[in-house]
Amino acid sequence: MKQIILLFIGLFGLLHLAYAQESRIDRSTITIPNSTRAVMNLKVTDRSYLPMKTFGQTANVPLVVKLKESAWAIDSLPKIEAPAAQEMRTDESNKTAYGEKFKNSILLGAGNYGHSLFDFNASQSAKENKFLGVYLHHDANLFGPVLAEYSARSQNLARLESRSLGRVNYWESTLEYKMFSNYYYGLAEIPSYVKASDLLASYTRMSASGKLSSAKKSANSDYILSVQADQLTNPQDLNELIIQGHGMYAHNMSEKLRFKLAGDYIYSEFSPNATLQKWNRNLYRLNPHLAYKSSRVSLNAGFMFVTEFDDPLVEKTSVFPMLQMDFGASDYIHLFGGVGGDVQFNSFNGFLKQNPWMRVPSQLKNTNQVGHVYGGIKGIGGNKVIDFEAQYDYAEYSDLPFYVNAVTATNKFDMQYRGGLEKIQVTTYTANLNLNFTSQFTSSFKFNHVIYQQLGVTFNAPHVPATTLSWINSWRISPKFLLAPDVYWMKSLYALEPVKNQLIQMDDILDVNLKINYFIKRNLNIGLSGNNLLGKNYQKYYQYQVQGLNATLSFAYSF
1 MKQIILLFIG
11 LFGLLHLAYA
21 QESRIDRSTI
31 TIPNSTRAVM
41 NLKVTDRSYL
51 PMKTFGQTAN
61 VPLVVKLKES
71 AWAIDSLPKI
81 EAPAAQEMRT
91 DESNKTAYGE
101 KFKNSILLGA
111 GNYGHSLFDF
121 NASQSAKENK
131 FLGVYLHHDA
141 NLFGPVLAEY
151 SARSQNLARL
161 ESRSLGRVNY
171 WESTLEYKMF
181 SNYYYGLAEI
191 PSYVKASDLL
201 ASYTRMSASG
211 KLSSAKKSAN
221 SDYILSVQAD
231 QLTNPQDLNE
241 LIIQGHGMYA
251 HNMSEKLRFK
261 LAGDYIYSEF
271 SPNATLQKWN
281 RNLYRLNPHL
291 AYKSSRVSLN
301 AGFMFVTEFD
311 DPLVEKTSVF
321 PMLQMDFGAS
331 DYIHLFGGVG
341 GDVQFNSFNG
351 FLKQNPWMRV
361 PSQLKNTNQV
371 GHVYGGIKGI
381 GGNKVIDFEA
391 QYDYAEYSDL
401 PFYVNAVTAT
411 NKFDMQYRGG
421 LEKIQVTTYT
431 ANLNLNFTSQ
441 FTSSFKFNHV
451 IYQQLGVTFN
461 APHVPATTLS
471 WINSWRISPK
481 FLLAPDVYWM
491 KSLYALEPVK
501 NQLIQMDDIL
511 DVNLKINYFI
521 KRNLNIGLSG
531 NNLLGKNYQK
541 YYQYQVQGLN
551 ATLSFAYSF
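Written out as structure tokens, the structure is:
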């Protein structure tokens, strides 16, 4: 906690030395592979309670030459995103050079299964180049159908934000405190002598971050420097500190050619409890490459150097080629592809964000993406009503993590790593189709199919659906009435039964949701959210059934 507070004080101390605006580092053309992608992005569905934001017409613009990010294969599963709260009022007097001047709102909500919801935004920009904001959030409900409070969850968050915009640099910093808890309710039967407190898993996370970037639009060189620190603790003296630094420098060599150098440093201290010695881990990443852009072609070519120190006495260095290309076959069709590899830094904090019923691990390993190749096509219809994308992705991994029920505590989850000398081969087919019929009605389809193999033998990965399909809609029936139905379907979902150590198939998941917003005034709306309309007690994680039909009524007001 002290390290986070000291870091935050230092970040805000630098604030007075920085004057900037948002960096212009050719984001429309070149995408640098994100160094901190989450390998296990499996949290496909959360109960979404917030009302929909104000519906506006999606801008239909011609395709731009943009390189496809080298994403982890299992990172692309469609998931239910919690919609944003009430859209804030907007007028010309309320805007600055980098956004709206005021974003103040309050949201109150309540629903069945003991659901309570509170959101509060307050911000001020006394000067055109200064911004200060605060955000408060509370969300609690009974997640599963087990003895009421035994399956409760809660989340409370407070965040401070500061931004400064000047002639040379742009500076932004945040300080966040989050407390969240869940109960280990995934038992076939809870003995009478077990108290709710015996099943409680409670954590506190303190985060601080700061980012400094160049703001000169016509400069030949650009840069970004950022640092973030997260400290996770619990009442049982768990402590995990992660400090991440990122830097990127770009220099124009000619009108079409640019040199880029990106680097990352991650430092971690992990201690399962007060009696065990802290475990220090380090990762360095360096990515020099050239970026070329013409009217039809964009190209990234270079190398990725990654060094790991999970063991103080063992240093592991990996080198990967990097090649990404986008070719505009026409104004409406683009072909893209690439090859490469990377190393994912895994942490308990990251795993816990996906599965709150994790028990403290005895070991943490990084995941090595030893090879990666992808390719696809994307385009937009001549009338701009349809846009689409289809992609093939193949990658090989060592130490790829999967969630499995613990043998000695079946209501808790461990992380199982697969792929040693025999790598895990992951083939993924994805497709997106967006239909913009009118400014009042849009519809989106997303498809994902993933195949896991080892030594050429196909296997079913635990807690990873083989096929996922989502259908998301937004329909503005009238100026005051917005309807947003969506459907999510997951097929071939398996779990590893902990006692017999056998794969068992769970039921397919069909999740139907409906969100309705009625705008009494532009800055006042009533929202009604209905989730799991079919009332199925499905389980995304083995033995953790969710509640049936749940609904939340909310009121949002912006000022």
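What the sequence shown shows, in the UniProt record's numbering, is residues 1 to 559, in sequence order. We put the CB at the ideal spot given by N, CA and C, even for glycine.
- Item | N368 to Y284 span [Cα, whole Å] | The alpha-carbon atoms of N368 and Y284 are separated by roughly 14 Å.
- Length of the line joining the Cα atoms of G557 and N550: Here the sequence assigns Tyr to residue 557, which means Gly is not the residue at that position. Roughly 23 Å separates the two Cα atoms.
- Message: Across the region 402-411 and the region 429-441, are there enough close Cβ pairs to call them in contact, namely three or more that are closer than 8 Å?
- Response: These segments do not touch.
- Message: Using only the alpha-carbon positions, how far apart do H463 and V134 sit?
- Response: Annotation: H463 to V134 spans about 37 Å, alpha carbon to alpha carbon.
- Message: Looking at the strands, I want to know which residues DSSP matches up with S123.
- Response: Answer by DSSP bridge pairing, in chain order: G133.
- Query: Apart from the five residues on each side of it in sequence, which residues of its chain come closer than 6 Å, Cβ to Cβ, to Q547?
  - Reply: Excluding sequence neighbours, Q547 sits near Y113 and P145.
- Query: So, helix, strand or coil for Q543, using DSSP?
  - Reply: Looking at Q543 - three-state DSSP - the assignment turns out to be coil, as it is neither helix nor strand.
- Query: Quick one: Cα of A122 to Cα of N104, how far?
  - Reply: For A122 and N104, the distance between alpha carbons rounds to 4 Å.
- Query: Taking only runs of the alpha helix (DSSP H) that begin and end inside the region 356-418, which ones reach a length of at least 4 residues, in chain order?
  - Reply: DSSP runs (the alpha helix (DSSP H)) wholly in the region 356-418: none.
- Item | Segments assigned beta strand (DSSP E), at least 3 residues, entirely inside the region 131-175 | As far as the region 131-175 is concerned, its whole beta strand (DSSP E) runs of at least 3 residues are 152-165.
- Message: In the DSSP assignment, the alpha helix (DSSP H) including K353 goes from what residue to what residue?
- Response: For K353, the enclosing alpha helix (DSSP H) has its first and last residue at F348 to Q354.
- Message: In this structure, how does DSSP classify S443 when only helix, strand and coil are distinguished?
- Response: S443 sits in a strand when the DSSP states are folded into three classes.
- Query: L533 by DSSP, collapsed to three states: which one?
  - Reply: L533 carries a coil assignment under DSSP once its states are collapsed to helix, strand and coil.
- Message: Is the beta carbon of S268 closer than 8 Å to that of S347?
- Response: Result yes, Cβ atoms of S347 and S268 sit closer than 8 Å.
- With burial defined as no fewer than 16 other Cβ atoms inside 10 Å of the residue's Cβ, what is the status of L493: buried or exposed? Taking every protein chain shown into account, the CB of L493 has 16 or more other CB atoms within 10 angstroms, so this residue is buried.
- Item | Opening and closing residue of the beta strand (DSSP E) in which E308 lies | In the DSSP assignment, E308 falls within the beta strand (DSSP E) that extends over V297 to D311.
- At least three beta-carbon pairs within less than 8 Å, the region 345-365 to the region 412-419: Yes: at least three Cβ pairs fall under 8 Å.
- Task: Reducing DSSP to helix, strand and coil, say where A188 ends up.
- Result: It is coil, neither helix nor strand.
- Is DSSP giving D264 helix, strand or coil here? Strand at D264.
- S207 - DSSP class collapsed to helix/strand/coil: Three-state result, S207: strand.
- Query: Near L528, which residues of its chain fall below 6 Å by C-beta distance, leaving aside the five closest residues on each side in sequence?
  - Reply: Closer than 6 Å at Cβ, skipping near neighbours: I516 and L553.
- Rounded to the nearest angstrom, how far is the Cβ of R163 from that of F131, given a contact under 8 Å? Yes, they are in contact, since the Cβ atoms of R163 and F131 sit about 4 Å apart, within 8 Å.
- Pair every Cβ in the region 330-343 with every Cβ in the region 368-379, then say whether three or more of these pairs are closer than 8 Å. Touching, per the Cβ criterion.
- Taking just the CA atoms, how far does P465 sit from L136? About 34 Å.
- Message: Here's the rule I'm using: 16 or more other beta-carbon atoms within 10 Å means buried, otherwise exposed. How should E255 be labelled?
- Response: Exposed: under 16 other Cβ atoms inside 10 Å.
- Task: Given a cut-off of 8 Å, decide if G535 and L514 are closer than it, judged by their beta-carbon atoms.
- Result: No, these two residues do not count as a Cβ contact at 8 Å.
- Item | chain B contact for S202 (CB, 8 Å cutoff) | Absence of chain B from the displayed structure is noted, only one protein chain being present.
- Query: DSSP three-state call for D237: helix, strand or coil?
  - Reply: Note: D237 maps to coil in three-state DSSP.
- Query: How close, in whole Å, do the beta carbons of I424 and Q454 come, if the pair is a contact with beta carbons under 8 Å?
  - Reply: About 6 Å; that satisfies the 8 Å criterion.
- Message: Quick check on V457: buried or exposed, where buried means 16 or more other Cβ atoms within 10 Å of its Cβ?
- Response: Exposed is the call here.
- Look up D511 in the DSSP assignment and say whether it is helix, strand or coil. D511: strand per DSSP, three-state reduction.
- Task: Classify D387 as buried or exposed, calling it buried when 16 or more other Cβ atoms lie within 10 Å of its own Cβ.
- Result: Residue burial annotation: D387 is buried, with at least 16 other C-beta atoms found within 10 angstroms of its C-beta.
- Would you say I224 and I242 are within 8 Å of each other, going by their C-beta atoms? Contact flag unset, no.
- Item | Reduced DSSP secondary structure (H/G/I, E/B, other) of L276 | The DSSP-derived three-state label of L276 is coil.
- Measure the beta-carbon distance from Q539 to M506 and round it to whole angstroms, keeping in mind my assumption that it falls under 8 Å. Indeed they touch by this definition, with Cβ atoms about 6 Å apart.
- Would you mind sorting V306 into buried or exposed? The rule is 16 or more other CB atoms within 10 Å of its CB. By the neighbour-count rule (16 or more Cβ atoms within 10 Å), V306 is buried.
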